[in-house]
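Written below as structure tokens is the structure these notes are about.
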Amino acid sequence: MKQKDYIPVSKPYLPSEDKIIKYIKEIYKARFLTNFGKFHDLLEEKLKQYLHIPNIVLTANGTLALQITYKLLDIKGIVITTPFTFVATISSLAWEGIPFIFADIDKETLCIDPNQVEYLLKKFGDKVDAILAVHVFGNPAYVEELMFLKAKYNVKLIFDASHCFSVWYGNRNILTYGDISIISFHATKLFHTVEGGGLIINNGNDELVKKAKSIVNFGIERDYKISCVGINAKMNEFEAAIGLAILEEFNEVIKLRGEKWNYYYQNLKNIVKLQKRNRFANNNYSYFPIILPSETQVLDTIDRLKRFGIYPKRYFYPSLDKLPYITKENIPLRLDNANYIAERILCLPLYPDLSKQTQDIIISTIKEVLESA
Ligand SMILES: Cc1ncc(COP(=O)(O)O)c(C=O)c1O
39 MKQKDYIPVS KPYLPSEDKI IKYIKEIYKA RFLTNFGKFH DLLEEKLKQY LHIPNIVLTA
99 NGTLALQITY KLLDIKGIVI TTPFTFVATI SSLAWEGIPF IFADIDKETL CIDPNQVEYL
159 LKKFGDKVDA ILAVHVFGNP AYVEELMFLK AKYNVKLIFD ASHCFSVWYG NRNILTYGDI
219 SIISFHATKL FHTVEGGGLI INNGNDELVK KAKSIVNFGI ERDYKISCVG INAKMNEFEA
279 AIGLAILEEF NEVIKLRGEK WNYYYQNLKN IVKLQKRNRF ANNNYSYFPI ILPSETQVLD
339 TIDRLKRFGI YPKRYFYPSL DKLPYITKEN IPLRLDNANY IAERILCLPL YPDLSKQTQD
399 IIISTIKEVL ESA
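Residues are numbered in the numbering used here as their position in the sequence shown, beginning at 1, plus a constant of 38.
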């Protein structure tokens, strides 16, 4: 069977043209393009309602949300984090000159292992300022254990919840955990604003929310006073409009993604290793990662699918301890699990209009690779 279209791991969802044109016409009329316009403020409000979160400060992307978080929490000491994540989790720390060390991940959930985190908390004592955990592929990290460690060792807790649009843990939105949670609204995410992101401040400190809103605008407050060092991290009106239009269609987006996700699941669950999902959380169907027995099989799968124009993604690869700017100071512990998983993981194409025909090609190719081993 031949497949001509280019099939990437993720195709950005675009809202209906009619809907987005309506928003754009309003922007043309108002000629107010950025600096907290009507759509920016409306998106903030709608997201608060939709996600049941106490606040959200919209940003130009998720990476800046991380960098602003470090400033808000005044992080200067060591941050314990994971090597199995998108590079922005750690490049944001490196960019800010914040020292960080890696703890290994749990091989089943793919999230940071709290036992390893505690080992590092004991070893590095009060040099540690924060834990930065990632809810990998929308699967909540060990939230309770990490909150326990936060209290026991008196450190800050940040969640990189970039993959977590509409994830509920217990009866709370996952974004309501940690001192601060950040999210990405990049075009590849299931809800997006082309580029964009946000941070959710959960420590009940309204002053911090106010400060975050000024930091994203050079430190300028809404009454034009400048009270702190800031940066330009504002979300503009066109981006906010895309978000508002997608939000109107989001139930359909998640329904369609769920159908594709379940089709993969039914056909692959007995033949390939999958991420163990947290049973207290819903699935937002953001990714469909598979863990193959060997790296050779990952490369073989990529090679065979390429012939059909299908491009799954090695995500996350490599384990971040392999980056050229990482030194032995960043790696106080062995990172066997992160390296094992990074070498064997493959995220399969997943988006609302992915065809069953393409999914069938992918499923049968994986079967062929496993049988030929
Ligand atoms: C885990 C993780 N952290 C951080 C980011 C950075 O977000 P952005 O691309 O919006 O800057 C991403 C997304 O790309 C991500 O997947």
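C-beta: ideal position from N, C-alpha, C; glycine also. Just so we're clear, the structure is a prediction, and the values are computed from it rather than from any experiment.
Coarse secondary structure for V125, derived from DSSP in three states: coil
Residue from G281, I401, H201 with nearest C-alpha to N320: H201
Contact check, G115 vs V166, beta carbons under 8 Å: yes
Selected residue, minimal CA-CA separation from F229, among S402, I401, L285: L285
Straight-line Cα distance separating G75 from Q304: 45 Å
Rounded straight-line distance, which links the Cα of T231 to that of Y61: 13 Å
Short Cβ contact (8 Å threshold) for P178 with I139: no
I220 beta carbon less than 8 Å from that of G235: yes
Environment of I264 [buried if 16+ CB atoms lie within 10 Å]: exposed
Segment limits, beta strand (DSSP E) that includes A171: 166-172
Any non-hydrogen atom of ligand 1 within 7 Å of V172 CB: yes
Near ligand 1: A126 beta-carbon under 7 Å from a heavy atom: yes
Contact test: N177 Cβ vs ligand 1 heavy atom, cutoff 7 Å: no
CB-CB length for W299 against F318, believed under 8 Å: W299 to F318, Cβ: 19 Å. No contact.
V291 - DSSP class collapsed to helix/strand/coil: helix
Beta-carbon proximity list for A271, same chain, < 7 Å, skipping 5 on both sides: T97, A98, L102, I106, V254
Near ligand 1: T107 beta-carbon under 7 Å from a heavy atom: no
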